[in-house]
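Once you know that position 29 of the sequence shown is 43 in the working numbering, the rest is easy, because the numbers rise by one and skip nothing. Think of the CB as a built atom: it goes at the ideal place given N, C-alpha and C, for glycine as much as any other residue. Here's the structure, in structure tokens; my notes come after.
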Amino acid sequence: MAELIPFSTALRERSSSAHAGSEHAGFMADLMRGEGTRDDYIALVVQHWFIYEALETAADRMKADPVAATFISDKLTRLPALEADLAFLIGDDWRERIEPLPTTRRYVDRIRQVAATWAGGFVAHHYTRYLGDLSGGQFIGRIMARRFGFETNGIGFYLFADIADPQAFKEVYREQLDAAPWDAAEQARVIDEVLVAYRFNTDLFTDLAAAKSAAASA
């Protein structure tokens, strides 16, 4: 009899190529190689604010769901850090100076849609964002700090002061995924939604590159 693969392992394996594709999208690759500008970084932070505003608003509602609530932790909350970053990077009037790109609008709409009725869909987006933040996000933060001379201001989004051991936190999160009361069909739905989330991330980098190109030629 074949050994059953833990759900968290199946999820990681099924989404690995989508994850890699998102990380190597042109806009982000340029930023990581040092070819992006401070304005490019700010543009990314702006879009993150819209995404996390939707995700963390959804989390407030999902705390009442017994399955979704397992994954929600104040230690992960990113919105206050993003707002402090934007105030530092743009100014106190940052709210009046930002707007979502088309992919971000669709991404936000999708988060709101699934989080209204489907705990598994919410967890899919929660997993995609926060475990990514605790993994590659830490590396991104260090690179941006060196590239633009930041200390903590400007990269607060990437700093998880309340999580002393990100690897241990991620392991517990994966154990919670394995313990979720989902049958095979629901697990497949959750994996499919994770792939949707990764596509949104990749498409967002395409949007950011297009917006940069349009601004340069204006």
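Straight-line gap, residue i to residue j (C-alpha atoms, nearest Å)
i	j	result
residue 75	residue 92	17 Å
residue 208	residue 143	10 Å
residue 225	residue 21	38 Å
residue 228	residue 18	50 Å
residue 214	residue 115	12 Å
residue 175	residue 148	12 Å
residue 121	residue 70	14 Å
residue 43	residue 55	12 Å
residue 130	residue 72	8 Å
residue 15	residue 99	Since pLDDT at residue 15 reaches only 39, below the 50 mark, its modelled position is unreliable, and the value read off the structure follows with that caveat. Residue 15 and residue 99: Cα-Cα distance of roughly 52 Å.
residue 219	residue 108	21 Å
residue 160	residue 101	20 Å
Selected residue, minimal CA-CA separation from residue i, among the options
i	options	result
residue 151	62, 72, 137	62
residue 25	81, 180, 191	191
residue 28	50, 56, 203	203
residue 187	168, 221, 212, 89	89
residue 140	68, 105, 49	68
residue 33	222, 211, 231	211
residue 193	51, 134, 104, 171	134
residue 137	231, 51, 205	205
residue 169	81, 153, 40	153
residue 94	171, 162, 156	171
residue 180	46, 146, 156	146
8 Å contact criterion, which residue i and residue j should meet: CB distance rounded
i	j	result
residue 77	residue 65	The Cβ separation is near 19 Å, so there is no contact.
residue 84	residue 217	Incorrect: roughly 29 Å between the Cβ atoms, too far for contact.
Can you list, in chain order, the stretches of the alpha helix (DSSP H) that have 4 or more residues and sit fully within the region 110 to 197?
-> 116 to 131, 133 to 148, 150 to 162, 180 to 193
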